[in-house]
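Visitor:
There are 2 protein chains.
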Amino acid sequence: MTDLKPKRADARRNEKSLLEAAAAVFVEQGVQAPVRDIAAKAGVGTGTIYRHFPTRGDLVTAVYRHQVEACAEAGPTLLAGSTDPHTALARWIDLFVDFLVTKHGLAAALHPDNTEFDTLHTYFLDRLVPVCADLITAAKATGDIHPDTTAYELMRAVGNLCIGAGEDPRYDARRVVGWLVGGLRMVE
Amino acid sequence: MTDLKPKRADARRNEKSLLEAAAAVFVEQGVQAPVRDIAAKAGVGTGTIYRHFPTRGDLVTAVYRHQVEACAEAGPTLLAGSTDPHTALARWIDLFVDFLVTKHGLAAALHPDNTEFDTLHTYFLDRLVPVCADLITAAKATGDIHPDTTAYELMRAVGNLCIGAGEDPRYDARRVVGWLVGGLRMVE
DNA sequence: AACGATACGGAACAACGTTCCGTTTATCAA
DNA sequence: TTGATAAACGGAACGTTGTTCCGTATCGTT
Chain A
1 MTDLKPKRAD
11 ARRNEKSLLE
21 AAAAVFVEQG
31 VQAPVRDIAA
41 KAGVGTGTIY
51 RHFPTRGDLV
61 TAVYRHQVEA
71 CAEAGPTLLA
81 GSTDPHTALA
91 RWIDLFVDFL
101 VTKHGLAAAL
111 HPDNTEFDTL
121 HTYFLDRLVP
131 VCADLITAAK
141 ATGDIHPDTT
151 AYELMRAVGN
161 LCIGAGEDPR
171 YDARRVVGWL
181 VGGLRMVE
Chain B
1 MTDLKPKRAD
11 ARRNEKSLLE
21 AAAAVFVEQG
31 VQAPVRDIAA
41 KAGVGTGTIY
51 RHFPTRGDLV
61 TAVYRHQVEA
71 CAEAGPTLLA
81 GSTDPHTALA
91 RWIDLFVDFL
101 VTKHGLAAAL
111 HPDNTEFDTL
121 HTYFLDRLVP
131 VCADLITAAK
141 ATGDIHPDTT
151 AYELMRAVGN
161 LCIGAGEDPR
171 YDARRVVGWL
181 VGGLRMVE
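Quick note, the sequences are listed as chains A and B, same order.
Residue numbers 1 to 188, in the UniProt record's numbering, belong to the letters of the first sequence in order.
Residue numbers 1 to 188, in the UniProt record's numbering, belong to the letters of the second sequence in order.
#1: Round the Cβ separation of A/ALA42 and A/ALA21 to the nearest angstrom and send it over; I've been treating them as touching at under 8 Å.
#2: Pick out the complete alpha helix (DSSP H) segments inside the stretch 2 to 63 of chain B, 4 residues or longer, and give them in chain order.
#3: Using beta carbons (cut-off 9 Å, strictly below), is A/THR150 in contact with chain B?
#4: Put B/ILE145 into one of helix, strand or coil per three-state DSSP.
#5: Using 10 angstroms around the beta-carbon of B/GLY57, count the other beta-carbons present and answer buried if the total reaches 16, otherwise exposed.
#6: Quick check: what's the CA-CA separation for A/PRO6 versus A/VAL181?
#7: How would you list, in chain order, the residues of chain A whose beta-carbon sits under 8 Å from the beta-carbon of B/PRO147?
#8: Determine which residues share a DSSP beta bridge with A/ARG170 and list them.
#9: Run through chain A and tell me which residues come within less than 9 Å of B/LEU184, C-beta to C-beta.
#10: Starting from the beta carbon of B/ALA88, find every residue of chain A whose beta carbon is closer than 8 Å, and list them in chain order.
#11: Along the chain, where does the alpha helix (DSSP H) that runs through B/GLY159 open and close?
#12: In chain order, what residues of the same chain have a beta carbon less than 7 Å from the beta carbon of B/VAL101, not counting five sequence neighbours either side?
#13: Kindly indicate if chain B contains any beta-carbon less than 9 Å away from that of A/HIS111.
#14: When you compare the CB positions of residue 269 of chain A and A/TYR123, do they come within less than 9 Å of one another, or not?
#15: State yes or no: is the beta carbon of A/VAL176 nearer than 9 Å to at least one beta carbon in chain B?
#16: Any idea if A/GLY105 is buried or exposed, counting beta-carbon neighbours within 10 angstroms, 16 or more meaning buried?
#17: In the DSSP output, what is A/ARG185 paired with across the bridge?
#18: Does the stretch 111 to 120 of chain B come close enough to the stretch 49 to 65 of chain B to have 3 or more Cβ pairs within less than 8 Å?
#19: Any beta carbon of chain B sitting closer than 9 Å to that of A/ARG12?
#20: By how many angstroms is the C-alpha of B/ASP113 removed from the C-alpha of A/GLN29?
#21: Would you please verify whether the beta carbon of B/ALA108 is less than 9 Å from any beta carbon of chain A?
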């Protein structure tokens, strides 16, 4: 059912090569590395890359899928294992930030106006916003955070704060995100 | 002294045309509009644009210089006219956010890794970080905010949070920046 | 072995930033 | 007014990227 039409052997081989090459090039050059560089590293033509991954977003999504899944699955775990929901939320966001800052250029690629990374943006949001929403709902229930906080807005904000992190010692995304999350707390 | 070598009349005329054309195109298309579009709107060749503004950053800087100056000058005024320094800081940052969100793509252009906007980035930082630093120093003195807050980091954070604002009704940069600034408060 | 479907490679095109140089124009002195 | 000279101009041309397209090669099957 999942493989009504199994791909040809060479196609499967190339897809694997491309994923490995892309992962390596992303580490060296960042997520917005030239398509030709990835194709060259994988030993395929540029046409092949588009056949397997119609948009850049598809390629990036495929490369980081595992880590996004891990982040998504950590949400419920943290909620269950933390003393209070606000702590769980803070810890989960730390995970997300750690993920983004170690992937050069990934945060910048998440902008909605970046049409070539459209599917990447969609995937991140579809997968992570619900997880974040559960954490936020729990934190609201205990009165830990402002009631008008939305998961989408928080994710966008955190993503934005991670842009350019890791390239400038004077800018520490983790600390700044800490301020933001602290600011979500109910004051009274 | 300021004009040892006065420019030729046509050069001055073209510079003015370019500034006006750039301002108009930036409103329509955003700050990263194609150079050719600006040149066409101004009725000059592409070479001319580079002669007057060697980098894109120079052009953008010239277009927005007045507003950046106004923002910079508002710092001391707000500090003098507010009840407490933290309020002054919050108000000043509101001004900065309002400026950024109304200029399509400007916040995104401020990234340090965006080499073509290098001078823009430098100008913003040179002009605004000292102003912000004074506000922060005052707020620290009254114990209003965390002592490890730095002006540079705060400016970068606010700038990042403004990216993509104004294009998505679900993301309100002002509210998010409000969380951030709230998070700077000393909890004690 | 041979055939059809699948997939490939890389040339070709488009969009953009940037440079370069032959031509035009402004300025000023004679 | 005119001619010389420096200043400035225009836009063709080049390099870099993203993306498409199609003739060719390869795989799987009969």
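Every residue gets a Cβ at the ideal spot worked out from N, C-alpha and C, and that includes glycine.
The model shown is predicted, which means the values in this text are computed figures rather than measured ones.
Guide: On the basis of the supplied data:
#1: 4 Å
#2: 9 to 29, 35 to 42 and 46 to 52
#3: yes
#4: strand
#5: buried
#6: 47 Å
#7: Residues of chain A passing the Cβ test: none, with the nearest at roughly 13 Å.
#8: Answer is none; A/ARG170 lacks a bridge partner.
#9: TRP179, GLY182 and GLY183
#10: Ordered by position in chain A, no residue passes the 8 Å Cβ test against B/ALA88, which lies about 18 Å from the chain.
#11: 151 to 161
#12: CYS162, ALA165, GLY166 and ALA173
#13: yes
#14: The requested residue 269 of chain A does not occur in the structure, where chain A is confined to residues 1 to 188.
#15: yes
#16: buried
#17: A/ILE145
#18: yes
#19: no
#20: 12 Å
#21: yes
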